[in-house]
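Report on one structure; see the data block that follows.
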Amino acid sequence: MQQLTAIVTGASEGLGKSFAIELAGRDINLVLVALPGSGLPELASFIRKNFMVTVHHWEIDLTHSESYAEIFTWLKEQRITTHLLINNAGLGNWSWFEDKNIAFYKMQIELNVITPVLLTRLFLAQADASVTSYILNVGSLGGLFLVPKKQVYGATKSFIRYFTKCLQLELYGSNVKLSLLSPGGINTKPELLVMNNTLKGISKATILEPEQVARIAIDGLLKGKKEIIPGVVNRLLVLLNSLLPAYIKDNIIKRRLNTILVS
Amino acid sequence: MKVLVTGATGFIGRQLTLVLANVGYEVKALCRNTDHPYLIRHPNIEPVLGNILYKQTLARAMEGCEQVYHTAAVAKLWCRNPDDYHETNVIGTRNVLETATKIGVQKLVYTSTCGVWGPTIKHPMTETDPRITGFPIAYERTKYLAELEVQDFVKQGLPAVIVNPSRVYGEGPITDSNTVGKMVSGYLKGSWRFIPGNGEQVANYAFLDDVVAGHIAAMCKGIPGERYILGGHDISFNDFFKTLHDVSGKQLNMIRIPLKLIQFYSQLEWLKTRITGIPPVFLPEFAERLKYDQKYSSNKAVIQLGYNITPFAKGLAKTVNHLRGSKSKENENNESLLNDNLNNHQSAQLCSN
Chain A
441 MQQLTAIVTG ASEGLGKSFA IELAGRDINL VLVALPGSGL PELASFIRKN
491 FMVTVHHWEI DLTHSESYAE IFTWLKEQRI TTHLLINNAG LGNWSWFEDK
541 NIAFYKMQIE LNVITPVLLT RLFLAQADAS VTSYILNVGS LGGLFLVPKK
591 QVYGATKSFI RYFTKCLQLE LYGSNVKLSL LSPGGINTKP ELLVMNNTLK
641 GISKATILEP EQVARIAIDG LLKGKKEIIP GVVNRLLVLL NSLLPAYIKD
691 NIIKRRLNTI LVS
Chain B
115 MKVLVTGATG FIGRQLTLVL ANVGYEVKAL CRNTDHPYLI RHPNIEPVLG
165 NILYKQTLAR AMEGCEQVYH TAAVAKLWCR NPDDYHETNV IGTRNVLETA
215 TKIGVQKLVY TSTCGVWGPT IKHPMTETDP RITGFPIAYE RTKYLAELEV
265 QDFVKQGLPA VIVNPSRVYG EGPITDSNTV GKMVSGYLKG SWRFIPGNGE
315 QVANYAFLDD VVAGHIAAMC KGIPGERYIL GGHDISFNDF FKTLHDVSGK
365 QLNMIRIPLK LIQFYSQLEW LKTRITGIPP VFLPEFAERL KYDQKYSSNK
415 AVIQLGYNIT PFAKGLAKTV NHLRGSKSKE NENNESLLND NLNNHQSAQL
465 CSN
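Put into structure tokens, the structure is as follows:
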């Protein structure tokens, strides 16, 4: 089989790092993209040392969309066709709407919305139609449920949900497979490590480790699954969500909100 | 010179107080119980009652100290209250760092762990390598968070160095965190008779004396904000027990237990603890870890700190002798330890400028 190459955005930390390691473990070459100073060269050299794959890395700020052309021009010059695109880079928040400034929201929308759309467009333009290409868009269960303090984040993930589902229809029958990944909480950043470990019961059961999510996601992507929801409890919540009447859901969220307000 | 050692009754801290006291430092040994059986009585060791969770006691203990070794941590496999890990390892460390900043100590060495890297793939991990999995093990997670605290204080100007010992074994008491000691003494008694999986899983074993000398070298030569792996040799379970057989002369027929069975058992243990509150023998997150190697390279410490690695067979032989020794022998052992440590003195004295 031909050796595949994957682009992973936001690859230096958290879920992106797990994607990089998971793909390398499946002998897939990597083009890793992440912010400068986030430990990307170290990760790239670690993967080169421990796996039999080629790794290129680009330290760029993905909110500067001018830089995308540079990556794809370079890939063309190197005669590298990429077969997988993992749109992973994103910016979360857990704050009341008025607690963040406009620069933050601009950056969040750019990174969570504009970046994956443009990269998908550029990726499809270079894809080899004779072999299967794969795109994984990282959404969130937050794109499905209303979660206070995640107003803009959840909205960007709803956008990704619509965008992915719609492209799946457009690309039906083509050699491109698109998957939407809708994870619940993942133990990634330090502040999440602290917060997630204070959770109990069902809330705790929705939290997964990044390497589990990456493994499930790549499995689903290669199988051509339309939506991937890692974790039994999370799938159950989605099922419940479709069954419960709206007023009960509203009530649950309001009660959750009260506990948030108190804490 | 006055130095403070937190966790002075712990496996590493205890030996560290002894070596420092022998070199001639005035050691303040912070402990929650000054009658603790593992606290070493020595003219240069002053037991100080305190707790890293209470800042007032810390300030009193650190008064007049130029150097601080922060070895205190919750390193057990399980705590009844899971918040204990975060309280002691993260908030306790922050308290130590805050107090050290306020008092203006010259240098601080923080004892972290190779557990902040955890599993490895092919090659031994170095200081710049990334962690490849999440942090399901509370000890590893909170030690990682504590390292972030240390880095924060370094940015604010506190000269703190991080050392990362691997799985430490050696001549010391069998404390909760001394897992190798439990394994070796179990083998000697004939009660530890199993090897997990096919026995090919590799871990890194660091000899206590090396780790203690590495702490002192890090205090002298370590660059603030840098991390140094203080490890030993990468050894598989099979080689571990083969060496143990060789050095102890005791042969046991070891049973290899399939990982699937260990995993199943760990889930039963988890359930047992959930229902009855009886401490578990083993937990699923540790069973999961048995799938991976844990190999670490101490090259940076060897080159930059002059770190020395005792051959595994030699270190294990000393450990076996120590565990076999009776109480009276233990005193002799301590005597010989004093002599052994004379070698360390010179290097330590050379750099205690």
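One line per chain: the protein sequences are A and B, in this order.
Whatever position you read off the first sequence (first residue = 1), add 440 for our numbering.
Whatever position you read off the second sequence (first residue = 1), add 114 for our numbering.
For every residue, glycine included, the Cβ atom is placed at its ideal position computed from N, Cα and C.
Check, Outcome
"Got a sec, what are the start and stop residues for the alpha helix (DSSP H) H359/B sits in?", "F351 to S362"
"Which residues of chain A have a Cβ atom closer than 7 Å to the Cβ of F249/B, listed in chain order?", "N627 and L633"
"Which one or two residues does DSSP pair with F388/A in a beta bridge?", "No information on residue 388/A is available, as it lies outside the stretch 441 to 703 that chain A covers here."
"So for P556/A, helix, strand or coil by DSSP?", "helix"
"CA-CA distance, S442/B and G304/B?", "A caution first: S442/B carries a pLDDT of 39, below 50, which makes its placement in the model too unreliable to give a value."
"Per DSSP, what are the beta-bridge partners of S580/A in this structure?", "Answer is none; S580/A lacks a bridge partner."
"Does any residue of chain A bring its CB to less than 8 Å from the CB of S442/B?", "Any reading at S442/B must be qualified, since the residue scores a pLDDT of 39, below 50, and its modelled position is unreliable; no value is offered."
"When you compare the CB of F512/A with every CB in chain B, is at least one pair closer than 8 Å?", "no"
"Just the Cα atoms here: how many angstroms apart are V395/B and S682/A?", "42 Å"
"Evaluate contact between the region 243-259 of chain B and the region 307-322 of chain B, counting only Cβ atoms and requiring at least three cross-stretch pairs below 8 Å.", "no"
"Which residue comes first and which comes last in the beta strand (DSSP E) that contains E314/B?", "Counting along the chain, E314/B falls outside any beta strand (DSSP E), and DSSP gives it neither H nor E."
"For S573/A, list the residues DSSP reports as bridge partners.", "V616/A"
"Would you say D407/B lies against chain A (beta-carbon separation less than 8 Å)?", "no"
"Quick check on Q408/B: buried or exposed, where buried means 16 or more other Cβ atoms within 10 Å of its Cβ?", "buried"
"Quick check: what's the CA-CA separation for K468/B versus S350/B?", "For chain B, the structure presents residues 115 to 467; residue 468/B sits outside this window and is missing."
"Would N674/A count as contacting chain B if we go by Cβ distances under 8 Å?", "no"
"Which same chain residues, not among the five before or five after V282/B, have their C-beta less than 6 Å away from its C-beta?", "A320, L322 and V325"
"Using a C-beta to C-beta distance shorter than 9 Å, which residues of chain B count as neighbours of P650/A?", "T247 and G248"
"Between the region 253-264 of chain B and chain A, which residues of the former have a C-beta closer than 8 Å to a C-beta of the latter?", "R255, Y258, L259 and L262"
"Of all the CB atoms in chain A, is at least one closer than 8 Å to the CB of I166/B?", "no"
"Comparing C-alpha positions only, which one of V223/B, G391/B, P393/B and H347/B sits nearest to K428/B?", "H347/B"
"CB-CB under 7 Å to L213/B, same chain, minus the five flanking residues each way: which ones, in chain order?", "The sequence given here has Thr at residue 213/B, not Leu. K169, L172, A173 and M176."
"Any C-beta of chain A sitting closer than 8 Å to the C-beta of D244/B?", "Note that residue 244/B is Pro in the sequence shown, not Asp. P244/B counts as touching chain A."
"Where K190/B and Y253/B are concerned, what is the direct C-alpha to C-alpha distance, given to the nearest angstrom?", "8 Å"
"With a threshold of 8 Å between beta-carbons, can N445/B be considered close to chain A, or not?", "Unreliable positioning characterises N445/B in this predicted model, as indicated by a pLDDT of 47, which lies under 50. A coordinate reading is not provided."
"Rank G363/B, K257/B, W231/B and C334/B by C-alpha distance to the C-alpha of R245/B and give the top, closest one.", "W231/B"
"Mind checking the region 481-498 of chain A against chain B and listing, in chain order, the residues whose C-beta falls within less than 7 Å of any C-beta there?", "E482, L483, F486, K489 and N490"
"How big is the Cα-Cα spacing for K540/A and E550/A?", "15 Å"
"Measure the beta-carbon distance from G454/A to P685/A and round it to whole angstroms, keeping in mind my assumption that it falls under 8 Å.", "No, G454/A and P685/A are not in contact; Cβ-Cβ is about 36 Å, not under 8 Å."
"Give the single residue among Q181/B, R307/B and Y258/B whose Cα lies nearest to the Cα of G218/B.", "Q181/B"
"At 3 residues or longer, what runs of the beta strand (DSSP E) sit wholly inside the region 361-418 of chain B?", "369-371"
"Pop quiz: L475/A and A451/A are said to be a contact at Cβ under 8 Å. What is the actual Cβ separation, rounded to whole angstroms?", "About 10 Å separates the two Cβ atoms, so there is no contact after all."
"Tell me which residues of the region 451-465 of chain A have at least one Cβ-Cβ distance to chain B shorter than 7 Å, keeping chain order.", "K457 and I461"
"Quick one: list the residues of chain A neighbouring I235/B, beta-carbon separation under 7 Å, in chain order.", "N490"
"Hey, how far is the Cα of S362/B from the Cα of K296/B?", "15 Å"
"Against chain B, does P630/A count as a neighbour if the rule is that its beta carbon must be under 8 Å from one of theirs?", "yes"
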